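In what follows, a single structure is set out as structure tokens and then discussed.
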Ligand SMILES: C[S@@+](CC[C@H](N)C(=O)[O-])C[C@H]1O[C@@H](n2cnc3c(N)ncnc32)[C@H](O)[C@@H]1O
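Numbering (the numbering used here), first residue to last: 1199 to 1404.
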């Protein structure tokens, strides 16, 4: 199942209309927090930023963030949340409306490139490689994908039919002579029945 820009726009518009307050207070992703807490704040890319929880968490900790999504409704919501947090935080974020099927980061520019739960419309290896070009030497690439099938049981998950990053594809897409893998594993989600996340955290060798 692929979701195009219009489908995401509709999904975000409906979700924000019905649960805008709840979305504004959703906590940032725990894996992103775990990885970024170990890093010195610098320049980050949040690819597929959605409502902006991770972007705003990073900006509040001193990161300068480029936040990319193709859903204008999500970006507008994220931008207005940022403004309520004050100029210190809001000024550290550049919100970019763009399609990550083709959008290419500035080469070797970011100390952290995070891409969480992006539904990939094109090829997973090509998407991983293109996002990885944005990582500066010594920088970190964090990819998380919701697995459509639970590898332990073979059962479908709530992500059934979606194409997201997998550990095998991400590891194969990245040149092992240039990347060190700190994490490359499937992790069951904390809430029972919600499936398994593929988590890849790679550091670019200097
Ligand atoms: C499942 S949400 C994840 C949002 C956020 N990263 C998180 O972890 O909560 C996927 C996001 O990717 C965006 N997205 C999907 N395909 C995209 C594309 N081709 N280009 C840009 N954004 C895209 C959607 O609009 C949505 O905000």
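Note that CB positions come from ideal geometry on N, CA and C, so glycine has one too. Every value quoted in this text rests on a predicted model; they were computed, and no experiment measured them.
Chain-order list of residues whose beta-carbon lies under 8 angstroms from that of residue i (same chain, five-residue window excluded)
{"i": "residue 1211", "result": "1271"}
{"i": "residue 1227", "result": "1251, 1252, 1314, 1342"}
{"i": "residue 1370", "result": "1323"}
Residue i CB to nearest heavy atom of ligand 1 below 6 angstroms
{"i": "residue 1214", "result": "no"}
{"i": "residue 1243", "result": "no"}
{"i": "residue 1315", "result": "yes"}
{"i": "residue 1297", "result": "yes"}
{"i": "residue 1234", "result": "no"}
{"i": "residue 1379", "result": "no"}
{"i": "residue 1206", "result": "yes"}
{"i": "residue 1269", "result": "yes"}
Residue i and residue j closer than 7 angstroms at C-beta
{"i": "residue 1355", "j": "residue 1348", "result": "yes"}
{"i": "residue 1312", "j": "residue 1230", "result": "yes"}
{"i": "residue 1214", "j": "residue 1332", "result": "no"}
{"i": "residue 1363", "j": "residue 1394", "result": "no"}
{"i": "residue 1277", "j": "residue 1262", "result": "no"}
{"i": "residue 1404", "j": "residue 1377", "result": "no"}
{"i": "residue 1299", "j": "residue 1330", "result": "no"}
Neighbourhood of residue i by C-beta distance below 7 angstroms, restricted to the same chain and skipping five residues each side
{"i": "residue 1233", "result": "1338, 1340, 1399"}
{"i": "residue 1287", "result": "1254, 1257, 1258, 1280"}
{"i": "residue 1301", "result": "1266"}
{"i": "residue 1346", "result": "1354, 1355, 1357, 1358, 1359, 1360"}
Residues of its chain near residue i, where Cβ-Cβ distance is below 6 angstroms and the 5 sequence neighbours each way are ignored
{"i": "residue 1268", "result": "1203, 1297"}
{"i": "residue 1328", "result": "1302"}
Nearest candidate by alpha-carbon position, reference residue i, set the options
{"i": "residue 1406", "options": "1294, 1357, 1304", "result": "This structure gives no information on residue 1406, because the portion of the chain shown stretches from 1199 to 1404."}
{"i": "residue 1238", "options": "1346, 1308, 1368, 1375", "result": "1308"}
{"i": "residue 1335", "options": "1329, 1319, 1306, 1327", "result": "1306"}
{"i": "residue 1352", "options": "1381, 1391, 1370", "result": "1391"}
{"i": "residue 1249", "options": "1310, 1260, 1220, 1382", "result": "1220"}
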